[in-house]
Amino acid sequence: MTEEITFILNNELISVKINPAVVLLDFIRKQIHLTGTKEGCKEGDCGACTVLIGELKNNKLEYHSVNSCLLPLGNVNNTHIVTCRCTGYTSIKRSVNNVLNKFNSDEHKEVERISFLIKNNILPDYFTGIAERLGKLQAENSNEQNGKAKYFVAGGTDLYVQKPDEFLKQQITFIKDKNLSYIKVQDKICRVGAGTSFEMIKNSSVFQKLFPQLKSFMDLMASLPVRNSATIGGNIINASPIGDMTIFFLALNASIVLNNGLKYRKILLQDLFKGYKKLDKTDDEYLEQIEFKLPSENSHFNFEKVSKRKHLDIASVNSAIYLEVVNETIKEVHLSAGGVAPIPLYLEKSSNFLLSKKIEIETLNDVLSIIQSEISPISDIRGSEEYKRLLLNQLFKAHFIELFPELINVKALT
Ligand code: FES
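Position in the sequence shown (first residue = 1) + 18 = the working numbering.
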């Protein structure tokens, strides 16, 4: 199960036959002996293993920070990896702030950043030629893999926490090789490639326009290096009952497109989940695309999440809602919730009940018992069953307080 992996590590071309499931951190520390990149938690939490990954996208070189402890070599092909780390968070933060202040000044706002950093001795000279070198690598090395694989790996940010050793024994297909990183809008449908990262969604002008509160929602989801690697497709197929972006897309009544290499199959996202980690998906199918109808001009969307820590934590309970409202009456509604059932839940009965109702306290109070009848939370480390039931009621109310402050009297509701 070895493959040829080729990339640029700092200024050195690496071309090696190796198991592509080995994580970059192990490779650069144990085989190249670049021990400045540290191993801490190996779970994507501490950031001690952070490296930069540079990729050519539409002939433009883009760098992102990623956790090398969760990055399989299969996802490193044809990239530039920079191990820029010394020690001490304070000095690193100070240097980065100095550089950012320069870029934010009027004098330097428009400069080409890499050239500017080289000229000011912040980056070494060799960065000048990286884009051209990566272009050649891409032309010479196709990433497309042959053969059937039991496992599909996208960003790997959760799978590599759960079972890194198991992947070393398996044939893997890397979703990254399928070029599924895109966001397109056509005919009032938004199509998102399954390989699109969380951070791409957060920075997408399309998503920011559709969901003005997007940045605040997504700041609650993982750390920046994890968001740079984690993909929407991975979040959905991982089928965690509390997957944040899965809950987000369920409330958009999204559909998904599955591909087995021969034919496509389209189903509603809410129909994918059949039981705890059980999916309406065959072993040879992978998730290709997520689609949703563009929100109408009368639409409102909100996402809420409660976790033990505000940042870098998985949800105890999360929820999202999409509403179309005309004259204070609900014309379309989709409500979703995570952490309250074995699957990420689309609350069908509650959504149906809200349809055609006026937005008023009585309606909201009436739907609470239906919400409670649809969920089946269990007590675990993220809270007791009773606590999660109470949380979802509160998050449901929070949606309406946030979206319709002029219609909902907070004191009367709470
Ligand atoms: Fe802690 Fe990678 S070792 S994030």
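In this text, a Cβ means the ideal position worked out from N, Cα and C, and glycines have one as well.
Residue i, enclosing alpha helix (DSSP H) - first and last residue
i, result
"Tyr405", "403-421"
"Phe351", "Note that residue 351 is Val in the sequence shown, not Phe. From DSSP, Val351 is part of no alpha helix (DSSP H) but of the beta strand (DSSP E) over 347-356."
"Glu380", "379-392"
"Val179", "177-180"
"Gly58", "From DSSP, Gly58 is part of no alpha helix (DSSP H); its letter is neither H nor E."
"Ser234", "232-236"
"Leu155", "148-158"
Selection from the options that minimises the alpha carbon distance to residue i
i, options, result
"Gly106", "Ser337, Val41, Ser273, Lys56", "Lys56"
"Ile193", "Gly211, Phe185, Leu363", "Gly211"
"Asn316", "Ser215, Ile132, Ser241, Lys349", "Lys349"
"Gln156", "Val94, Ser391, Arg327, Ile140", "Val94"
"Ile50", "Gly72, Leu70, Ile26", "Ile26"
"Ser273", "His329, Leu305, Asp44", "Leu305"
"Leu341", "Thr97, Asn320, Ser199", "Asn320"
"Tyr81", "Ile71, Lys75, Arg47", "Ile71"
"Gly62", "Pro182, Ile36, Lys111", "Pro182"
"Ala240", "Ile332, Gln180, Phe267, Glu184", "Ile332"
"Arg327", "Leu287, Asp289, Asp237, Glu22", "Asp237"
"His329", "Val244, Ile419, Phe266", "Val244"
"Leu431", "Asp44, Tyr405, Glu380, Val224", "Glu380"
"Lys35", "Glu21, Lys196, Ser337", "Glu21"
"Ala248", "Cys208, Ile201, Gly174, Ser391", "Gly174"
"Ala149", "Thr97, Ile32, Val84", "Thr97"
"Asn411", "Val335, Gln231, Ile399, Glu424", "Val335"
"Pro362", "Val428, Asp289, Tyr178, Leu280", "Asp289"
"Leu31", "Leu152, Ser374, Phe422, Glu424", "Leu152"
"Gly293", "Val117, Ile190, Pro360", "Pro360"
"Tyr282", "Phe267, Phe291, Thr300, Gln226", "Thr300"
"Phe45", "Val69, Cys64, Gly65", "Val69"
"Glu346", "Ser387, Asn253, Lys284, Leu421", "Leu421"
"Lys296", "Pro259, Leu286, Pro313", "Pro259"
Residue i (DSSP reduced to helix, strand or coil)
i, result
"Arg283", "strand"
"Asn277", "strand"
"Thr432", "coil"
"Asn45", "Note that residue 45 is Phe in the sequence shown, not Asn. Note: Phe45 maps to helix in three-state DSSP."
"Thr264", "helix"
"Ala248", "coil"
"Ala257", "coil"
"Leu305", "strand"
"Asp398", "strand"
"Ile361", "coil"
"Val171", "strand"
"Leu425", "coil"
"Glu98", "Looking at the sequence shown, residue 98 is not Glu but His. Strand, per DSSP."
"Ile50", "coil"
"Ser123", "coil"
"Gly106", "coil"
"Ser18", "Outside the shown range of the chain, which is 19 to 432, sits residue 18, and nothing can be said about it."
"Lys227", "helix"
"Lys137", "helix"
"Lys376", "strand"
"Lys220", "helix"
"Pro142", "coil"
"Ser113", "helix"
"Glu184", "helix"
One or two residues paired with residue i in a DSSP bridge
i, result
"His318", "Leu341"
"Tyr81", "Gly72"
"Tyr200", "Beta-bridge pairing links Tyr200 to no other residue."
"Asn336", "Lys323, Gly356"
"Thr191", "Phe170"
"Arg209", "Lys202, Glu309"
"Leu297", "Phe291"
"Pro90", "Val41"
"Ser215", "Thr249"
Presumed contact (8 Å Cβ cut-off) between residue i and residue j, rounded CB distance
i, j, result
"Leu91", "Val171", "Actually they do not touch by this definition, with Cβ atoms about 11 Å apart."
"Glu322", "Leu413", "4 Å"
"Lys60", "Cys102", "Not quite, the Cβ-Cβ distance comes to about 20 Å (not below 8 Å), so this is no contact."
"Phe310", "Leu270", "4 Å"
"Met263", "Ile255", "12 Å between Cβ atoms; not a contact."
"Ser369", "Val358", "Their Cβ separation, rounded to whole angstroms, is 15 Å, which puts Ser369 and Val358 out of contact at 8 Å."
"Ile389", "Phe418", "Actually they are not in contact, since the Cβ atoms of Ile389 and Phe418 sit about 13 Å apart, beyond 8 Å."
"Ile426", "Ala355", "About 19 Å separates the two Cβ atoms, so there is no contact after all."
Element boundaries [beta strand (DSSP E), containing residue i]
i, result
"Ile23", "21-27"
"Val34", "30-36"
"Lys292", "291-293"
Any non-hydrogen atom of the ligand PLP within 7 Å of residue i CB
i, result
"Gly173", "Questions concerning the ligand PLP fall outside what the structure shown contains, since the ligands it does hold are the ligand FES."
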